[in-house]
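One structure is given below, encoded as structure tokens.
Number of protein chains: 6
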Amino acid sequence: MSETPPFPLRLPPLLVERAVSAALEEDLGLAGDVTTDAIIPADAKSEAAIVARQAGVVAGLDLAEAAFRALDPATRFTRIVDDGGKVAEGGTIAEISAKTRALLTGERTALNFLGRLSGIATLTAAFVAAVEGTGARIACTRKTTPGLRALEKYAVRTGGGVNHRFGLYDAVLVKDNHIAAAGGLANALRSLRARSGHLVRIEVEVDTLDQLEEALRFPIDAVLLDNMDVGTLKKAVKLVAGRVVTEASGGVALETVREIASTGVEVISVGALTHSPRNLDSSLEWEA
Amino acid sequence: MSETPPFPLRLPPLLVERAVSAALEEDLGLAGDVTTDAIIPADAKSEAAIVARQAGVVAGLDLAEAAFRALDPATRFTRIVDDGGKVAEGGTIAEISAKTRALLTGERTALNFLGRLSGIATLTAAFVAAVEGTGARIACTRKTTPGLRALEKYAVRTGGGVNHRFGLYDAVLVKDNHIAAAGGLANALRSLRARSGHLVRIEVEVDTLDQLEEALRFPIDAVLLDNMDVGTLKKAVKLVAGRVVTEASGGVALETVREIASTGVEVISVGALTHSPRNLDSSLEWEA
Amino acid sequence: MSETPPFPLRLPPLLVERAVSAALEEDLGLAGDVTTDAIIPADAKSEAAIVARQAGVVAGLDLAEAAFRALDPATRFTRIVDDGGKVAEGGTIAEISAKTRALLTGERTALNFLGRLSGIATLTAAFVAAVEGTGARIACTRKTTPGLRALEKYAVRTGGGVNHRFGLYDAVLVKDNHIAAAGGLANALRSLRARSGHLVRIEVEVDTLDQLEEALRFPIDAVLLDNMDVGTLKKAVKLVAGRVVTEASGGVALETVREIASTGVEVISVGALTHSPRNLDSSLEWEA
Amino acid sequence: MSETPPFPLRLPPLLVERAVSAALEEDLGLAGDVTTDAIIPADAKSEAAIVARQAGVVAGLDLAEAAFRALDPATRFTRIVDDGGKVAEGGTIAEISAKTRALLTGERTALNFLGRLSGIATLTAAFVAAVEGTGARIACTRKTTPGLRALEKYAVRTGGGVNHRFGLYDAVLVKDNHIAAAGGLANALRSLRARSGHLVRIEVEVDTLDQLEEALRFPIDAVLLDNMDVGTLKKAVKLVAGRVVTEASGGVALETVREIASTGVEVISVGALTHSPRNLDSSLEWEA
Amino acid sequence: MSETPPFPLRLPPLLVERAVSAALEEDLGLAGDVTTDAIIPADAKSEAAIVARQAGVVAGLDLAEAAFRALDPATRFTRIVDDGGKVAEGGTIAEISAKTRALLTGERTALNFLGRLSGIATLTAAFVAAVEGTGARIACTRKTTPGLRALEKYAVRTGGGVNHRFGLYDAVLVKDNHIAAAGGLANALRSLRARSGHLVRIEVEVDTLDQLEEALRFPIDAVLLDNMDVGTLKKAVKLVAGRVVTEASGGVALETVREIASTGVEVISVGALTHSPRNLDSSLEWEA
Amino acid sequence: MSETPPFPLRLPPLLVERAVSAALEEDLGLAGDVTTDAIIPADAKSEAAIVARQAGVVAGLDLAEAAFRALDPATRFTRIVDDGGKVAEGGTIAEISAKTRALLTGERTALNFLGRLSGIATLTAAFVAAVEGTGARIACTRKTTPGLRALEKYAVRTGGGVNHRFGLYDAVLVKDNHIAAAGGLANALRSLRARSGHLVRIEVEVDTLDQLEEALRFPIDAVLLDNMDVGTLKKAVKLVAGRVVTEASGGVALETVREIASTGVEVISVGALTHSPRNLDSSLEWEA
């Protein structure tokens with residue numbers, strides 16, 4: 004039993020190609036697949052299916068497909084569940100027809116991408132489900148695996164979450180140490196306004212309601228309410244009164260996220276989505 | 004309370020440099036750290052410490068240090084606990100003195116590397132501790148994060164584990180599909196012996212004791228006993244009788260690993276070490 | 004007569020290194036500087052100065068310095084005018100002491116970077132001066148030289164301008180064709196809001212006051228008033244009444260920019276800053 | 004009204020692919036085209052035309068085509084005017100049929116390449132036209148945009164000019180400082196002859212007729228007559244009397260180039276061709 | 004007269020693509036093939052054949068084919084003798100139909116790869132033939148051309164030899180200096196066993212029979228008998244008595260290899276296979 | 004007994020760094036030197052010398068030094084014979100003091116570069132010596148190892164030879180097939196002159212005296228006299244009478260080169276210099 008959404012997201016093709024080709028190089032080295040190349044005739048063909056060993060949300064099929072296609076351009080890769088769709092335990096995600104060598108050699112690379120991205124999408128979907136109806140959105144952070152940020156942020160979107168900034172370059176987030184170094188928030192924001200274009204949003208991190216009041220005196224776009232308990236969060240949301248976007252952050256868990264959402268914050272950011280997901284377990288099952 | 008082993012392992016410097024520089028590019032993009040660069044004077048200096056929020060085994064300090072050093076070559080980075088050492092909750096891992104900009108801009112990259120590798124080392128150390136005294140060794144698999152295999156395999160060694168093959172290129176592992184495609188194990192091994200050099204080891208994966216008996220008729224180096232229950236494993240080890248290396252694999256968990264080790268297998272490989280570790284949580288604490 | 008601002012901007016060092024090394028490879032090929040290497044002894048040293056042949060605003064000294072330093076790590080490079088500073092015709096920008104070979108081989112690469120970036124900074128400064136006192140800010144566009152966007156956007160900031168979005172990835176700009184394809188602005192914005200994080204700003208391009216009125220019904224951040232005459236711009240600004248950021252765009256010239264600014268628009272974007280600047284002419288003058 | 008020459012030049016395909024893919028990465032970053040991807044269905048198709056807003060000589064169509072094709076391999080790209088052809092103001096350069104996403108996402112990259120290269124070709128053609136009938140040839144210099152030298156030198160050829168050396172590696176140009184450091188031209192040439200192969204040409208830069216006379220005593224291939232006024236140039240050409248190639252250089256403008264050509268010099272090199280061209284303005288017009 | 008084996012080896016396609024594209028860039032630079040591009044119309048087609056000027060064993064056809072295909076994707080490349088096959092003097096190796104430009108421009112790159120790899124395969128085959136019937140196998144070493152190791156090791160396999168380790172990473176070889184630094188072989192092996200996985204083989208280099216006896220006390224996989232004369236080798240093989248793999252190394256020549264093989268050693272490694280082969284001379288013959 | 008010339012040539016540092024770093028990656032893979040890293044303490048230091056096992060001309064010391072320095076930045080590398088100098092059998096080329104690990108790990112990479120480049124320099128020097136006094140110069144061809152052209156051409160210069168063109172991009176060489184395709188030499192040269200800059204030399208390959216006479220009717224720079232016997236060569240040189248450079252090519256051997264030189268040709272190009280040199284054998288000798 005599985006369900007695919009009508010308009011799946013897609014990764015930029017250039018990123019897919021680069022990531023897959025780096026992963027295959029890593030696995031093949033200079034000698035290639037010494038087992039397969041010695042045993043399997045170059046022209047043998049086989050059919051196999053990617054089967055989920057756990058239920059979850061699928062993400063990363065472009066990468067899995069590209070891994071096999073890089074090894075056999077004539078690969079046929081049929082998606083039973085597309086990115087963003089749900090797969091049940093034991094359900095088939097995709098059917099593949101390709102050279103036997105390509106299947107054997109590409110299997111681990113394909114499953115490594117699929118397992119990690121689907122793991123993130125599945126965890127994100129669990130958080131999204133937990134806050135359903137509250138209006139809160141689940142966001143990831145910059146706590147991503149080095150080198151895989153674009154893929155992991157895509158997996159978060161696939162699971163129904165939204166992305167926080169991609170890096171230090173595409174939005175401003177002012178923290179304690181910035182404020183201290185600038186000699187106060189007013190100074191920090193003055194410098195920022197002088198140097199930032201009109202399409203850059205500015206968010207300020209606050210730890211207390213006092214800091215929040217201070218921040219709200221300035222023309223900012225969002226506040227990051229860091230590590231506040233639920234009672235304080237409620238007061239913070241009330242204080243903001245819709246003037247800027249509110250984001251809660253810090254130690255959010257699946258068990259606590261709904262209560263946090265019930266405070267009325269608009270965005271809840273969860274580092275664990277990308278730093279500690281469990282891989283979605285899947286395997287390549289060969290046709291008898 | 005922390006403890007550092009006398010001869011820490013080291014990552015090859017070229018790998019460190021390449022990984023860190025890719026991670027910084029990913030985080031800085033073309034515009035750089037738009038918050039920090041607008042607010043913090045270029046010459047301001049600060050001191051900070053990397054502090055563990057959980058107890059664990061440290062791995063990845065070369066990467067963390069390189070992240071700050073890439074942004075400020077004059078960074079002083081003092082290790083309180085080196086790679087392979089244990090850090091307690093709240094313990095200090097390293098002290099850093101550098102330009103304030105380097106600290107703010109490099110923080111996330113450094114902690115992302117340190118968190119992931121220390122998470123792997125910590126999980127590995129837990130498995131190693133669980134089998135202490137049995138003689139069994141804990142090994143990782145090829146279920147690694149694409150692009151980070153060298154770093155993750157290093158983290159496994161740092162945690163006291165050993166590495167399985169690095170890729171498809173550095174050892175032979177014959178699986179069901181190879182045997183089927185070759186028309187039997189005899190054929191498969193004949194092809195392999197003809198094409199493999201004398202420094203390549205050959206391991207054969209078996210699912211049953213019958214397959215194991217078949218495999219032991221040939222001059223192989225190791226058998227991978229896949230998904231066998233403990234009773235079958237014991238029989239397998241007895242059957243092998245020290246003639247080849249024995250490896251148990253498949254769904255190994257921290258709760259079950261000691262019982263598996265008690266069967267006498269020499270190597271137990273655990274995919275979860277690298278595909279689903281939890282990051283070791285740490286933070287950068289600034290000096291008041 | 005020249006003037007340096009107190010806190011010069013800086014390019015990210017990784018970008019400087021990569022750009023300079025690509026440029027030197029382009030100029031040196033596989034054979035190197037066949038003239039210099041055959042004639043000049045490896046250890047000869049010289050002193051020279053970079054002198055402006057025209058007045059202008061300096062930008063790109065990090066690149067110029069890195070070009071010489073890549074060829075002679077012991078290069079001494081003293082800035083008389085730093086990035087963002089004004090240099091008069093005939094004024095000295097920097098003094099250099101290095102191996103003669105490094106000076107001869109690096110000269111063109113250094114001056115090519117410096118000439119282009121200073122040309123952009125100088126043109127930007129002219130636009131900024133033209134609107135002085137009106138409150139309008141001068142912005143660049145994505146009409147940059149392929150491969151040099153980060154450097155050229157930096158030069159715009161150095162000249163006193165601000166940056167529009169860096170690429171298609173860091174802000175939303177909805178144009179006619181997007182609206183048509185989505186079946187109306189409402190649909191387009193609904194899709195965007197569903198998929199964009201809370202730190203992404205949304206700007207909508209409008210050609211007429213009717214379109215502007217339509218756009219202002221939605222929660223957007225900015226409007227790009229495209230190719231409107233001054234009379235229409237005035238009406239547009241009045242209509243917006245400070246609710247969103249206003250940007251004027253389209254065929255802006257140095258002669259017309261002040262009149263445009265006088266309409267009250269907050270941002271004026273000028274493609275010519277980066278697509279058709281004149282290089283700032285400078286030369287390397289050798290000490291007698 | 005436009006005219007295409009019978010045998011258009013072509014850029015090496017490997018350079019086209021690399022340049023376009025770098026430019027697309029620069030514009031797409033890790034998140035891709037966040038506007039288009041959220042609004043436009045993946046399979047929507049559209050037709051559009053590249054239309055010139057100014058008259059000029061076209062150059063760079065391979066790059067423009069490759070930009071769209073990288074985003075949609077099934078792109079149909081029909082050239083109405085090929086590289087080297089003239090397009091009138093308002094004339095159509097090419098017609099494109101592709102996925103709507105590819106058109107929207109690739110537009111700026113395609114036009115940035117086309118605008119810069121056509122700008123150079125157009126300016127070159129103007130210089131070539133100005134010297135028509137005199138026998139002089141128009142050459143570019145090494146004052147090119149870092150990273151784009153191959154593309155810009157191609158644009159010069161497309162506009163009817165010829166290329167000076169590509170870099171420091173493919174021909175010898177002896178300047179004042181070389182001669183001074185070598186202790187005279189005789190020494191410099193002796194070193195050069197000892198180390199240069201028989202397919203490397205040697206040109207010597209001279210500022211005065213005395214230096215020219217000195218240079219002509221040696222077996223060189225060409226002289227660069229630097230910054231000489233027209234009267235001096237005439238005398239220089241007469242002095243050379245066809246023994247070596249003569250090149251005039253230094254501050255050549257469209258207004259002065261014909262007079263310079265009338266002196267009989269064979270080559271006139273013009274830095275402005277590549278360092279300060281105006282982009283040829285063009286736009287993507289969508290079919291109603 | 005030529006002969007092709009039934010199952011030719013193949014290089015990993017990613018390696019082929021990268022090697023060929025680097026070689027073409029090296030030969031084409033930024034200006035391309037200035038002779039061919041100026042003279043030959045872009046659409047002209049020709050037919051040609053690669054003809055051997057010497058008898059030998061062919062290796063590297065994937066690279067040769069890829070060189071032409073990179074320049075003309077519609078190239079037809081028909082192998083008369085495939086990799087591993089023997090070609091007689093004057094025999095045709097392959098027939099090619101492609102654009103004339105692709106043939107002229109790609110010729111040298113294709114022949115450079117083919118000549119070097121076939122030279123290695125031919126030399127290897129000569130050594131293999133010289134030991135025929137003795138049971139000894141011919142192995143290469145790490146004395147390969149920097150950057151071409153994978154290709155050269157492939158050529159050795161193609162000629163009937165086997166590969167020693169690919170690098171320092173895929174097997175352990177303990178030499179004198181390791182033993183000295185560790186304070187004896189026992190210590191060295193203890194460290195190795197602690198840190199090496201179960202799929203890494205360990206070989207120890209010995210110069211004398213005493214060292215050999217010492218080495219055989221430990222659980223190692225192979226011994227490298229370095230620079231022993233034939234008499235000593237015989238004693239060494241007898242001493243080993245099949246317990247570990249025996250490898251002879253050091254100054255092996257075609258004239259001496261059979262005598263060495265007759266000692267009963269299992270592997271003979273020959274540095275000259277890759278460090279000093281003679282290119283197999285071949286040429287591109289054009290159809291009249 | 005060895006001799007170093009006063010002004011050694013140098014490879015461009017960027018090429019050295021890139022080549023060495025690629026070679027080290029090739030040898031170290033992802034796991035590094037598994038033997039050395041397990042056995043040798045990180046801080047142990049040693050001294051060693053590079054000793055020649057054959058007499059020859061040294062080339063490539065920058066690469067050898069860089070290999071050790073990449074592994075230990077504090078390496079002291081003292082050249083006893085510099086590039087271009089002669090070393091006797093058993094003579095010391097360089098003395099090295101570095102970390103023991105760096106010496107063990109870098110040894111093969113350093114010697115592979117040094118062996119190949121010195122082999123080329125030594126062979127070149129033998130050809131140069133063979134023609135001493137005749138006035139002929141020895142040149143290499145484009146028959147180089149893919150990826151190493153710059154290094155190998157440098158080795159030729161170091162041995163006293165000169166370089167032919169570096170690639171297809173830096174000089175024109177018109178061959179039979181070009182002439183045939185163009186419909187005659189006149190057409191071919193007309194196209195070339197129209198498209199080539201004034202610093203590009205044109206050489207024409209001729210097989211017969213008739214073709215030579217034809218070629219000399221045109222304004223070309225050099226003729227390549229291909230595969231002519233000595234008698235024909237003499238006539239060719241006489242026919243040319245100094246009007247253009249003469250180059251002999253085709254099957255030149257050390258035994259025949261002097262006779263060829265005696266015909267009066269100015270340049271003799273020898274493919275074997277780079278396609279089939281024997282490595283200069285050297286080894287790393289450790290201090291007792």
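Protein chains in written order, with this note's numbering: chain A, 4 to 291; chain B, 4 to 291; chain C, 4 to 291; chain D, 4 to 291; chain E, 4 to 291; chain F, 4 to 291. Here a beta-carbon is modelled for each residue, glycine too, at the ideal position from N, C-alpha and C.
Beta-carbon of residue i versus every beta-carbon of chain D: anything under 9 Å?
i: L31 of chain E; result: yes
i: H181 of chain F; result: no
Assign residue i to one of three DSSP states: helix, strand, or coil.
i: S49 of chain C; result: strand
i: I223 of chain D; result: coil
i: T137 of chain A; result: coil
i: F80 of chain C; result: strand
i: D213 of chain C; result: helix
i: V207 of chain F; result: strand
Our contact map puts residue i next to residue j with C-beta atoms below 8 Å; I'd like the distance itself, whole angstroms only.
i: A128 of chain F; j: I96 of chain F; result: That pair is no contact at about 15 Å.
Quick one: does residue i have its CB under 9 Å from some CB of chain F?
i: D284 of chain C; result: no
i: N230 of chain E; result: no
Taking CB distances under 9 Å as the criterion, tell me whether residue i reaches chain B.
i: P15 of chain C; result: yes
i: T7 of chain A; result: Residue confidence is low: T7 of chain A scores 39 on pLDDT, short of 50, so the model does not pin down where it sits. Its coordinate-derived value is still stated next. Answer no: the Cβ-Cβ gap between T7 of chain A and chain B never drops below 9 Å.
Taking 9 Å as the CB-CB cut-off, is residue i touching chain C?
i: L276 of chain F; result: no
With a threshold of 9 Å between beta-carbons, can residue i be considered close to chain E, or not?
i: P280 of chain F; result: yes
i: L18 of chain D; result: yes
Report task. Output, in sequence order along the chain, the residues in the segment 249 to 273 of chain F whose CB is closer than 8 Å to any CB in chain D. Result -> E250, E269 and V270
Please list the residues of the segment 147 to 178 of chain F that have a C-beta atom closer than 7 Å to any C-beta atom in chain C, keeping them in chain order.
R152, A153 and F169
At which residue ranges does the segment 19 to 63 of chain B contain complete beta strand (DSSP E) runs of 3 or more residues, listed in the order of the chain?
48 to 55
Q: Pull out every residue of the segment 67 to 84 of chain F whose Cβ sits closer than 7 Å to any Cβ of chain C, in chain order.
A: Of all residues in the segment 67 to 84 of chain F, none has a Cβ within less than 7 Å of some Cβ in chain C.
Could you please tell me which residues of the segment 108 to 138 of chain F, in chain order, have their CB closer than 9 Å to any CB of chain E?
T108, R111, T112, L114, N115, F116, G118, R119 and G122
_Any C-beta of chain A within less than 8 Å: which residues of the segment 21 to 45 of chain D qualify?_
S24, L27, E28, L31, G32, L33, A34, G35, D40, P44 and A45
With a floor of 4 residues, list each alpha helix (DSSP H) that falls wholly inside the segment 102 to 181 of chain B, ordered by position along the chain. Runs of the alpha helix (DSSP H) inside the segment 102 to 181 of chain B: 103 to 133 and 152 to 161.
(Q) Any C-beta of chain A within less than 7 Å: which residues of the segment 197 to 213 of chain B qualify? (A) R198, S199 and V203
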